[in-house]
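Trainee: Structure below; questions to follow.
Residue numbers (the working numbering): 20 to 469.
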């Protein structure tokens, strides 16, 4: 249980080879209890003598090469292999169904990977859990070691202002007044949406309902139907630019010059209007049923609850320049923001203040997203930076992704990929699952990206 994590490629390659080999064929002799066992000291017990649930718990503390070794030598391990690999996967990465949603279609387009298809809950017992564990392990290793392929998508004239990602569906909006829905398997646009009369600063997908919402400098937010391609509803929010938008199952929220407006999604009636900030509201995010977070050019972030008389719960102050972006996780109580002061700040939603400050960008930070320990940031310095929040702030930056020629306006990621959009008009797909067949073309003196 004290075995260190694998850090170098030789150990990783050894782990992959042994993981491929182990457990495929169960030797009949190993499947039987040996007739001659070594004599045990007083008070000692063999692993094979423990109940199944105890063995599963103990094996959860064994990692990497030690786990593979046990799978080759311990007959009880082999007998419990399906339960053990499943338990190990869940303990490290949580639900496989989330992984399935994010990576199934990507793996289908490669010949050397079986599809990660799970049709329903009962299919769990029929899965090859060792194979699922191996693939997820390799993707996580690729993230750690900066192994990826890059592909480009060109469909906007001018800056790409916003991106949202859901599995292999991505939506992008631009300074050209257009919104495009992309299929990341074919790298081609599925549909384009026209109607805004200015740059489209924000988009947010709801694939379950086949809808998305957008906001623009024309002062309107629009609710679109992905199946018909039509704008179903249009709301005038501000005589000036609407900078940010978000939606959940019941609400739509928009941020404009100094104000935040909340609407009932079904009736499209305004339920709240707050004089939230002293400047432009660059980002808003709905959290729990009555709460949301906003950030602004006034250098602050604010937590709101519409049940309260004045709605304001907490102010987060510390940035010395406008706050352009943030991400929030209410379950962990963490808020992370990026600012024009070149820093990334991690805050405690509960009110304990600033937890950590990450430095590395050489200019304004325009985009922030985090999941667990992984943090992705992008900004005016044309870079995308990958961070490990589990490390000290001075050691948290793992590496930098550099393929954009101009400032990176937005980026989103999931378990297997990252997409980014910049003022150079391009959208780049960084694929950490499928490393071969890099189709990225050299254009305008782009560097070859690996």
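Built from N, CA and C at the ideal position, the CB exists for glycine as well. Bear in mind the structure is a predicted one, so any value in this text is a computation, not a measurement.
1) In chain order, what residues of the same chain have a beta carbon less than 8 Å from the beta carbon of residue 108, not counting five sequence neighbours either side?
2) Nearest-angstrom Cα distance between residue 455 and residue 168?
3) So the beta strand (DSSP E) residue 199 belongs to, where does it begin and stop?
4) Does residue 110 come out as helix, strand or coil in the three-state DSSP assignment?
5) Using beta-carbon positions only, say whether residue 297 and residue 317 come within less than 7 Å of one another.
6) In terms of alpha-carbon separation, which member of 347, 326, 346, 358 lies closest to residue 512?
7) For the region 347-430, list the beta strand (DSSP E) runs that are entirely contained and at least 3 residues long, ordered along the chain.
8) Give the straight-line distance between the Cα atoms of residue 355 and residue 265, rounded to the nearest whole angstrom.
9) Could you give the C-beta distance for residue 261 and residue 279, rounded to a whole number, given that I count them as a contact under 8 Å?
10) Would DSSP call residue 155 helix, strand or coil?
11) Identify the continuous beta strand (DSSP E) that holds residue 174 and give its terminal residues.
12) Have a look at residue 370 and residue 233 and give me their C-alpha separation to the nearest angstrom.
13) So does residue 368 have its beta carbon nearer than 6 Å to some heavy atom of the ligand COA?
14) Counting only the same chain and skipping the five closest in sequence on each side, list residues whose C-beta sits under 8 Å from that of residue 295.
15) Is the Cβ-Cβ distance between residue 332 and residue 363 less than 7 Å?
16) Give me the Cβ distance between residue 406 and residue 394, rounded to the nearest whole Å; I'm assuming they're in contact under 8 Å.
17) Mind reading off the beta-carbon distance from residue 239 to residue 224? Whole number of angstroms is fine, and I expect it under 8 Å.
18) If we call anything under 7 Å between Cβ atoms a contact, is residue 440 one with residue 272?
19) So which of 438, 433, 410, 409 has the shortest CA-CA distance to residue 423?
20) On a CA-only basis, which of 309, 329, 229 is nearest residue 189? Give me that one, please.
21) Do residue 208 and residue 174 have their C-beta atoms closer together than 7 Å?
22) Could you compute how far the alpha carbon of residue 50 sits from the alpha carbon of residue 70?
23) What is the DSSP secondary structure of residue 455, counted as helix, strand or coil?
24) Mind checking whether residue 205 and residue 199 have CB atoms under 7 Å apart?
25) Starting from residue 251 and walking both ways along the beta strand (DSSP E), at which residues does that stretch end?
26) Applying the 10 Å Cβ sphere with the 16-neighbour rule, what's the burial state of residue 443?
27) Whole angstroms are fine: how far does the CA of residue 269 sit from the CA of residue 344?
28) Give the range of the beta strand (DSSP E) segment to which residue 276 is assigned.
29) Could you compute how far the alpha carbon of residue 251 sits from the alpha carbon of residue 187?
30) Work out the CA separation of residue 341 and residue 416 for me, nearest whole Å.
31) Give the secondary structure of residue 434 by DSSP, where H, G and I count as helix, E and B as strand, and everything else as coil.
32) Suppose you measure from the CA of residue 351 to the CA of residue 290; what does that come to, to the nearest Å?
33) Identify, in the order they occur along the chain, each residue of the same chain with its Cβ nearer than 7 Å to the Cβ of residue 121, setting aside the five sequence neighbours on each side.
34) Quick one: grab the DSSP three-state call for residue 323.
35) On the three-state DSSP scale, how would you describe residue 262?
36) Relative to the C-alpha of residue 397, which residue among 418, 390, 429 is closest?
Mentor: Put simply:
1) 115, 148, 151, 152, 155
2) 7 Å
3) 198-202
4) helix
5) yes
6) Look at the range of the chain in this structure, 20 to 469, and you will see that residue 512 is not part of it.
7) 353-358, 362-367, 372-378, 384-390, 393-398, 403-407, 416-420
8) 17 Å
9) Incorrect: roughly 11 Å between the Cβ atoms, too far for contact.
10) helix
11) Element bounds for residue 174: n/a, residue is neither H nor E.
12) 32 Å
13) By its list of ligands, the structure shown contains no ligand whatsoever, and the ligand COA lies outside what it can speak to.
14) 274, 277, 278, 279, 313, 315, 321, 323
15) no
16) 4 Å
17) With a Cβ gap of about 18 Å, residue 239 and residue 224 do not count as contacting.
18) no
19) 438
20) 229
21) yes
22) Because residue 50 sits at a pLDDT of 40, beneath the cut-off of 50, its placement in the model cannot be relied upon, and the following sentence gives the value as read from the coordinates. Approximately 17 Å, taken between the alpha carbons.
23) coil
24) no
25) 250-255
26) buried
27) 23 Å
28) 276-283
29) 24 Å
30) 23 Å
31) coil
32) 28 Å
33) Model confidence at residue 121 stands at a pLDDT of 45, short of 50, so the residue's coordinates are unreliable; what they give is reported in the following sentence. So the qualifying residues of the chain are 186, 433, 434, 435.
34) strand
35) coil
36) 429
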